[in-house]
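Notes to accompany the following structure.
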Amino acid sequence: MSTVAQTPTDLDVDQAEIRRAIYEEGIIGRKGAFSREWVAALSEDVDAAFDEALSRPGGAVGRGPNRYYVEIHPQALRGFVDIATHPWITAATEAVLGPDYLITEVGFDVPGHGAMNQPWHRDFPMPDAARGEHRLTSLHFNITAVDTEDDMGPFEIAPGTQWDDGEEFHHGMFPPKSLYPRYEERAVRRFPQMGDISARTALTLHRGTKHASLKRRPVLVIGMDGPDGTNFERHDMAVTKDFWAALPESVRRHLACPVVDELAPIYQKHTIEGLVMGEA
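Just so we're aligned, residue 767 is where the sequence shown starts under our numbering, counting upward by one.
Printed below as a string of structure tokens:
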């Protein structure tokens, strides 16, 4: 699809500001990075992948009532190359992780009517590089598939908490409730619209909030690892030989997943997170 939003601001990327925001606040957004038409096609692909995942055991993991996460193979998205080559996404990744990054995760969250506040959490335990060297080894991008409204359980994040030590966190990810006032005092709700994207370190404490709308709020998640990142161990994405051959070299150099004759369904690995989220 040639539907990436073409505006002058697409070429105006301040890598120093991106790095500053990620390291200090934990998140930065970009308005209008994609066209609404492109996002409409993304939404169709996500809906199809979600229906397929729900049709089989292990296809989707629960993250609390009526809230799911699904990992998918890159070629399930017609716009995967648009994402992997988007100038703001590539510039942001290089600003934080350097030029030798890998795309390790393609998936999506789907909260729906009745989803409750999640527990505050980070998406994985703090790596040694973050704790000892104050250095990030991974980055996540979120692309909303819909316009976020007040009653759609918006994403809530506590800026600056990516450096909280976390040694007392359950599974290294879930802080005790005694620390919630710190996060609630800092909490910022995000209301992205179709075409907007954000980059964040998944170490920053965050949560999905109560979802009262009858409309679902799917959000695509793209995960990147730096040279010493280890998130690839948690994911099972692959590509077929034909898909691999058609990819631009600029994309292939950032993919280290298996190249196979036929794709196998992905069975989700987020069992610990799903279990704790289910307690919320």
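Heads up, the beta-carbon is just placed ideally off N, CA and C, and yes, glycines get one too. Since we're looking at a predicted model, the values are computed, not measured.
Distance CB(R983)-CB(V912) smaller than 9 angstroms:
Yes, they are a contact pair.
To the nearest angstrom, report how far apart S944 and G898 are at their CA atoms.
Roughly 25 angstroms separates the two Cα atoms.
DSSP state of I838 mapped onto helix, strand, coil:
Note: I838 maps to coil in three-state DSSP.
Where M918 and E999 are concerned, what is the direct C-alpha to C-alpha distance, given to the nearest angstrom?
Straight across, the Cα-Cα distance linking M918 with E999 is about 32 angstroms.
The region 809-829 touching the region 889-897, judged by at least three CB pairs closer than 8 angstroms:
Note that the region 809-829 does not touch the region 889-897; fewer than 3 beta-carbon pairs, one per stretch, sit closer than 8 angstroms.
From A1011 to G864, what distance separates their C-alpha atoms?
Rounded to whole angstroms, A1011 to G864 spans 25 angstroms at the Cα level.
Three-state class that DSSP yields for T1006 in the structure shown:
Correct three-state label for T1006: strand.
Is the Cβ-Cβ distance between F907 and I849 less than 9 angstroms?
Yes, these two residues count as a Cβ contact at 9 angstroms.
Same chain only: Cβ atoms within 6 angstroms of A787, ignoring 5 sequence neighbours per side:
If we look at A787 and ignore the five residues flanking it on each side, its Cβ neighbours are I794.
Return the chain-ordered list of same chain residues with a C-beta closer than 6 angstroms to the C-beta of G880, the five sequence neighbours on each side being excluded.
P831, N832, listed in sequence order.
Near D994, what residues of its chain come up, given a Cβ to Cβ distance below 6 angstroms and the 5 sequence neighbours on each side ignored?
Cβ neighbours of D994 beyond the five flanking positions: T903.
Buried or exposed: where does S964 fall if 16 or more other Cβ atoms within 10 Å of its Cβ makes it buried?
Taking every protein chain shown into account, the CB of S964 has 16 or more other CB atoms within 10 angstroms, so this residue is buried.
Can you round the beta-carbon distance between A861 and Q928 to whole angstroms, since I take them to be within the 8 angstroms contact cut?
Their Cβ separation, rounded to whole angstroms, is 16 angstroms, which puts A861 and Q928 out of contact at 8 angstroms.
Exposed or buried, what is T775 when buried is set at 16 or more other beta-carbons lying within 10 Å of its beta-carbon?
Bear in mind that a pLDDT of 43 at T775, under 50, signals an unreliable position, so the number given afterwards is only what the model happens to contain. Under this definition T775 is an exposed residue.
Drop a sphere of 10 angstroms on the beta-carbon of I796, count the other beta-carbons inside from all chains shown, and report buried for 16 or more, exposed for fewer.
Strictly speaking, residue 796 in this sequence is Arg, with Ile absent from that position. Around the beta-carbon of R796, 16 or more other beta-carbon atoms lie within 10 Å, marking it buried.
Quick one: what does DSSP say I1032 is sitting in, helix, strand or coil?
Coil, per DSSP.
With distances taken from CA atoms, which of V987, L969, S821 is nearest R901?
That would be L969, whose Cα lies nearest to the Cα of R901.
Residues in the same chain with beta-carbon distance under 6 angstroms from L986, minus the five sequence neighbours each way, listed in chain order, please.
The residues are F874, I909.
Cα-Cα separation between R1018 and Y789, rounded to whole angstroms:
Rounded to the nearest angstrom, the two C-alpha atoms are 28 angstroms apart.
At which residues does the beta strand (DSSP E) containing F907 begin and terminate?
It spans 904-910 - the beta strand (DSSP E) in which F907 sits, taken as one unbroken run.
Going by DSSP, which residues form a beta bridge with G828?
DSSP lists Y834 as partners of G828.
Are there 16 or more other CB atoms within 10 angstroms of the CB of R966, so buried, or fewer, so exposed?
R966 is buried by the Cβ-count criterion.
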